[in-house]
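Student: This note's numbering numbers the first residue of the sequence shown as 1 and each following residue consecutively. Cβ coordinates follow ideal geometry from the N, Cα and C atoms, glycine included. Could you have a look at this structure, given as structure tokens, before my questions?
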Amino acid sequence: MTESGDIALRLAAWWEANARDLPWRFGRATPWGVLVSEVMSQQTQMSRVVPYWTTWMGRWPDARSLASAPKADVITAWGRLGYPRRALRLQECARVVADDYADELPHDYDALVALPGIGDYTASAVMSFAFGERIAVIDTNIRRVLSRVFLGVESRGGAASPVERALANRLLPDDGFTDMADMVVRGSGAVEDAGDAGDAKGMNNKARSGRRPRARRRERPSVVWNQSVMELGAVVCTAKSPLCEACPIADDCAFLKAGRPGLGERRTRPRQRFQGTDRQVRGMVLEALRALPANAVLARNEVAGLWKDHVQLDACIASLDDDGLVEMLPDGSLRLPR
Ligand code: SF4
């Protein structure tokens, strides 16, 4: 058994019993749907993403449909997910996938990471969660859990260190790890041949294998490891208040054994307050534009009434314009881009 073998087994059992039933999990979404979920989940809690993702995939189930959508609709559908530039980057990504890859997400890390708005984390997550490939997925939650359990220290935020990357790669279970594979198969729902087409749009009823899951598909050990470590970091081994008494791997945790030194310490600055920030003002402007009927504009006096500090307001509108999220008309009114 490997260094992490016993821990991987316990995490796999915990995952089977406790994984949140998010609609893009367990082989129920297309690779494109998985990518959309990952982009939406950056900076936003997964539980908040679910209604947005479900509506989005119902409306634009594949890259081609998103690619041809009006920008105003895309920005409006992004709603309150935050950091709305992500919506436009996702549409740029959709155009490349539709035009250069015949509407199929490439099954290749280098091609994925070359897509607009797709970084190492998202490309790795798609390779693992959508395509089942053995690759270390390194996000904040995974870094925190691995650092605590195996190094006994806090992961300090910022970019992943070489030590953290090396650790994640070293611990990734081999897909021939039969104890874990057996457990995963026992715990998973059977897989049946695809026949009826009852799934919602964007769901995986045309999976390349020609088969679709009845409940859960069989996942490889490396995929279960990535998902279970990430999930543990999201719901048990949280940054500020880890629930060590409910943790399935508490007996093996070096951080707990050491008395949880420096719990919650981070290298990055604390999150900026929201009230009064440019983020808040930009959000208010977009919210006012989203609330308008299709093709309507926000008149100059209505724009001016959104925020009393007009210097800050003008700067925020200019930055939204630079980001391609609004259009400024010659009479001073605003609208979402067409
Ligand atoms: S024992 Fe506590 S610190 Fe260690 S992995 Fe579990 S929740 Fe995290």
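Identify the continuous alpha helix (DSSP H) that holds Trp-14 and give its terminal residues.
Tutor: It spans 5–18 - the alpha helix (DSSP H) in which Trp-14 sits, taken as one unbroken run.
Student: DSSP puts Arg-143 in a beta bridge; with which residues?
Tutor: Looking at the DSSP assignment, Arg-143 forms no beta bridge with any residue, so it has no partner.
Student: Quick check: is any heavy atom of the ligand SF4 less than 7 Å from the C-beta of Arg-148?
Tutor: Checking every heavy atom of the ligand SF4 against the Cβ of Arg-148, one is found closer than 7 Å.
Student: In or out: Asp-62 buried (at least 16 other Cβ within 10 Å) or exposed?
Tutor: Result: buried.
Student: Counting C-beta neighbours from all protein chains within 10 Å, is the total for Phe-274 16 or more, i.e. buried, or is it exposed?
Tutor: Exposed, because fewer than 16 other Cβ atoms sit within 10 Å of the Cβ of Phe-274.
Student: Taking Ala-125 as the reference, give the member of Gly-117, Val-137, Ile-118 with the closest Cα.
Tutor: Checked all of Gly-117, Val-137, Ile-118; the closest Cα to Ala-125 is Val-137.
Student: Does Pro-330 pass the burial test, meaning 16 or more other C-beta atoms within 10 Å, or should it be called exposed?
Tutor: That one is exposed.
Student: Checking the sheet assignment: what are the DSSP bridge partners for Leu-334?
Tutor: Answer is Leu-298, Met-328, bridged to Leu-334.
Student: Taking the alpha helix (DSSP H) that Ser-124 falls in, what are its first and last residues?
Tutor: Residues 120–125.
Student: Compute the beta-carbon to beta-carbon distance between Ala-67 and Pro-221, rounded to the nearest angstrom, for a pair I have assumed lies under 8 Å.
Tutor: Ala-67 to Pro-221, Cβ: 36 Å. No contact.
Student: Under 8 Å between the Cβ atoms of Arg-266 and Ser-319?
Tutor: Not in contact: Arg-266 and Ser-319 (Cβ atoms no closer than 8 Å).
Student: Beta-carbon within less than 7 Å of Pro-31's beta-carbon, same chain only, minus the 5 sequence neighbours each way: which residues are those?
Tutor: So the list reads Leu-105, Val-126, Ala-130, Phe-131, once near-sequence residues are dropped.
Student: Where does Leu-115 sit, in a helix, a strand or coil, going by DSSP?
Tutor: DSSP places Leu-115 in coil when its eight states are reduced to three.
Student: Taking only heavy atoms of the ligand SF4 into account, decide whether any of them is closer than 7 Å to the Cβ of Phe-255.
Tutor: Yes, Cβ of Phe-255 sits closer than 7 Å to a heavy atom of the ligand SF4.
Student: Classify Asn-141 as buried or exposed, calling it buried when 16 or more other Cβ atoms lie within 10 Å of its own Cβ.
Tutor: Result: buried.
Student: Is it the case that the region 311–327 contacts the region 46–64, given that we only count it when at least three CB pairs across the two stretches are under 8 Å?
Tutor: The answer is no - the region 311–327 does not touch the region 46–64, with fewer than three Cβ pairs under 8 Å.
Student: Quick check: is any heavy atom of the ligand SF4 less than 7 Å from the C-beta of Val-145?
Tutor: Within the cutoff, so yes.
Student: Looking only at its chain, what residues have a beta carbon closer than 8 Å to the beta carbon of Lys-257, apart from the 5 residues adjacent to it on each side?
Tutor: Hits under 8 Å: Gly-152.
Student: Taking all protein chains shown into account, do 16 or more other C-beta atoms lie within 10 angstroms of the C-beta of Pro-84, making it buried, or fewer, making it exposed?
Tutor: Burial call: buried.
Student: Under a three-way DSSP split, which group does Cys-237 fall into?
Tutor: In this structure, Cys-237 counts as coil in the three-state DSSP scheme.
Student: Determine the direct distance from the alpha carbon of Leu-11 to that of Asn-18, and round the result to whole angstroms.
Tutor: Approximately 10 Å between the Cα atoms of the pair.
Student: Quick one: does the C-beta of Leu-243 sit closer than 7 Å to a heavy atom of the ligand SF4?
Tutor: Yes; taking the cut-off as 7 Å, the Cβ of Leu-243 has a heavy atom of the ligand SF4 nearer than that.
Student: Say yes only if the C-beta of Ile-317 is nearer than 7 Å to one or more non-hydrogen atoms of the ligand SF4, and no if none qualify.
Tutor: No, the ligand SF4 has no heavy atom inside 7 Å of this Cβ.
Student: Check this for me: beta carbons of Val-236 and Pro-242, under 8 Å apart or not?
Tutor: Yes, the Cβ-Cβ distance between Val-236 and Pro-242 is below 8 Å.
Student: What alpha helix (DSSP H) runs, 4 residues minimum, are completely inside the region 247–277?
Tutor: Counting only runs of 4 or more, we get 254–257.
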